[in-house]
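Protein chains in written order, with the working numbering: chain A, 1 to 131; chain B, 1001 to 1460.
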């Protein structure tokens, strides 16, 4: 599933944990790194905010991918993550080189899903879809 | 136009945030990516680990630009070719195995040594973004249509144009499997906004249209786009194309097979292309000393690090293209990305010495286009006699041009005036030289293998 590539080659970890963050260029007011997003891009507050939102979206996609009900859904979400990672590149994200390097932040993994539950019993209990 | 959250969206740029960022911020992003990439390659590519170990360098040693320029070793095509030849997979420099590949290709291999290239699905998506910066700047927008004058094969360059068109949201019209005449008729019927081909082939289609009595200017094409050859950066070729096709926009793309189309022209034609700095780092180095070229306007060898190709990382990779880099372009387009006036000025590994004068074939190619009465079709024939290199320039006269002898003399004089040496010249009739759909073969080297350069511009 997410984070571990087919064929047994693990890709879900940062390759160089021994590298210190680089000193960023002189930051503008409000352009510092968002919590949990590594070093800021230094490209401006709007860009940095979009980067943070994209990272959160990526984490939600990864979480949803873990809960995929079929290979079709899992593959669709994997493809969505690839496109989303292009957007991260546009906003100067440098913490990862490609989507499989991204991990789901612990706080998002631990938090209750922000999206409707994938648990069918909950849907039934709430008067939702009956099978 | 404003985004959903109210921010202004600047429609002039495909990605304003980085395309207009100041040099210092761009360099900081580059250094962060390069450091990460060096670590990735060291951990995953046996070739890179060997190269770095042999140089006594560990990824953690690369912390500054000085480290990158002076401690990290260069990589070069022969490194990958040797690795490819000794590898069971048949691919060189691999950091990710076949289970990650979605498609593979090879370079054009005119010299007989193909470099095999493999791409993951993400890399193909990312490669598809590289063309968007330039095409967007030229005015291409989603739902515009693009006509491809190619049969799709193993050469990766065309595929990346196709991926770029998909990524931008263009409507794709394939001219695969059609003759030149059929393609002219398709273009007149389908009226695409953009036509994509090599400059030689675009000129060839214009010749066909003229021969058939068809006016390509009535097709309504707005943009000609291509690459793979020097023509789209040569002013006279651009003029000829603009006149024959009736277009105002000509989009030039510069690429190398290993890192794809990493240079794009902007809407303000300034005689060259910008590095696409979201996908690679570019600088130039003295081909002999390896020292970075720091003087403005200085010519050096183009050295790149690709952020797109991760299955086979290309880090501080010598392209052998001679370029002039303007780090802070200011020609009015608004892009802050480095600019390459004249695009490729020559090849550091392919120089011929004619009677003591160093001659780059690329320089000869550019000069040929400046002689009135010639078409864009020509060949350079290299030979060695009595230990001396010789170059015969065989060029094609335009239809209706007078005496070949006069034209040959004019060409010879023009070359002598600019190169400082007289080359042999021969003029052939219009339509004599072969037309190629993909990269045109122009250089024919009959010298013994030991007397040739290892690679040529056309053997990429």
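Beta carbons: idealized from backbone N, C-alpha and C, even for Gly.
Does any residue of chain A have a CB that is nearer than 8 Å to the CB of residue i?
i	result
residue 1102 (chain B)	no
residue 1036 (chain B)	yes
residue 1419 (chain B)	no
residue 1122 (chain B)	yes
residue 1278 (chain B)	yes
residue 1126 (chain B)	yes
residue 1337 (chain B)	no
residue 1163 (chain B)	no
residue 1015 (chain B)	yes
residue 1029 (chain B)	yes
residue 1305 (chain B)	no
residue 1040 (chain B)	yes
residue 1310 (chain B)	yes
residue 1118 (chain B)	no
residue 1193 (chain B)	no
residue 1033 (chain B)	yes
residue 1021 (chain B)	yes
residue 1075 (chain B)	no
residue 1071 (chain B)	no
residue 1025 (chain B)	yes
residue 1129 (chain B)	yes
residue 1018 (chain B)	yes
Which residues share a DSSP beta bridge with residue i?
i	result
residue 1396 (chain B)	B:1428
residue 1352 (chain B)	B:1359
residue 1390 (chain B)	B:1383
residue 1323 (chain B)	B:1300
residue 1066 (chain B)	BP columns for residue 1066 (chain B) are empty, so no partner.
residue 1445 (chain B)	B:1382
residue 1050 (chain B)	Beta-bridge pairing links residue 1050 (chain B) to no other residue.
residue 1341 (chain B)	B:1272
residue 1317 (chain B)	B:1075, B:1304
residue 1104 (chain B)	B:1118
residue 1196 (chain B)	B:1148, B:1225
residue 1467 (chain B)	Residue 1467 (chain B) lies beyond the range of chain B shown here (1001 to 1460); nothing can be said about it.
residue 1374 (chain B)	B:1397
Once you ignore the five residues that flank residue i on each side, which residues in its own chain have a CB closer than 6 Å to its CB?
i	result
residue 1423 (chain B)	1391, 1393, 1415
residue 1209 (chain B)	1184, 1216
residue 1043 (chain B)	none
Can you confirm whether residue i, when its beta carbon is compared against all beta carbons of chain B, has any partner nearer than 8 Å?
i	result
residue 99 (chain A)	yes
residue 55 (chain A)	no
residue 43 (chain A)	yes
residue 86 (chain A)	yes
So is residue i buried or exposed if we call it buried at 16+ other beta carbons inside 10 Å?
i	result
residue 1148 (chain B)	buried
residue 1084 (chain B)	buried
residue 73 (chain A)	exposed
residue 69 (chain A)	exposed
residue 1105 (chain B)	buried
residue 1011 (chain B)	exposed
residue 1350 (chain B)	buried
residue 83 (chain A)	exposed
residue 1091 (chain B)	buried
residue 31 (chain A)	Residue placement at residue 31 (chain A) cannot be trusted, given a pLDDT of 36 that sits under 50; what the coordinates show is reported in the next sentence. Residue 31 (chain A) is buried by the Cβ-count criterion.
residue 92 (chain A)	buried
residue 1213 (chain B)	exposed
residue 1032 (chain B)	buried
residue 1051 (chain B)	buried
residue 1362 (chain B)	buried
residue 136 (chain A)	There is no way to answer for residue 136 (chain A), as the model of chain A reaches only from 1 to 131.
residue 1100 (chain B)	buried
Who are the near neighbours of residue i in its chain, counting only those whose CB is closer than 7 Å to its CB and skipping five residues on each side?
i	result
residue 1278 (chain B)	1015, 1018
residue 1461 (chain B)	Any answer about residue 1461 (chain B) is impossible in this case: the structure gives chain B only from 1001 up to 1460.
residue 1286 (chain B)	1293, 1300
residue 1259 (chain B)	1280, 1304, 1306, 1308, 1309, 1314
residue 1367 (chain B)	1414, 1415, 1418
residue 1432 (chain B)	1396
residue 1238 (chain B)	1232, 1250
Skipping 5 residues on each side, what residues in its chain have a beta carbon closer than 8 Å to that of residue i?
i	result
residue 1336 (chain B)	1019, 1020, 1021, 1022, 1023, 1026, 1328, 1329
residue 1448 (chain B)	1384
residue 1426 (chain B)	1392, 1393, 1394, 1395, 1408
residue 1136 (chain B)	1013, 1014, 1168
Uninterrupted alpha helix (DSSP H) stretches inside the segment 1109 to 1187 of chain B (no shorter than 4 residues)
1121 to 1130, 1132 to 1137, 1156 to 1168
Quick one: which unbroken beta strand (DSSP E) runs of 3-plus residues sit fully inside the segment 1210 to 1234 of chain B? Chain order, please.
1223 to 1227
Ignoring anything shorter than 4 residues, give me the alpha helix (DSSP H) runs that lie fully in the segment 1233 to 1315 of chain B, in order along the chain.
1235 to 1245
Using a Cβ-Cβ cut-off of less than 7 Å, give me the residues of the segment 1153 to 1186 of chain B that come near chain E, in sequence order.
Checking the listed chains, one finds no chain E in this structure; the protein chains it contains are A and B.
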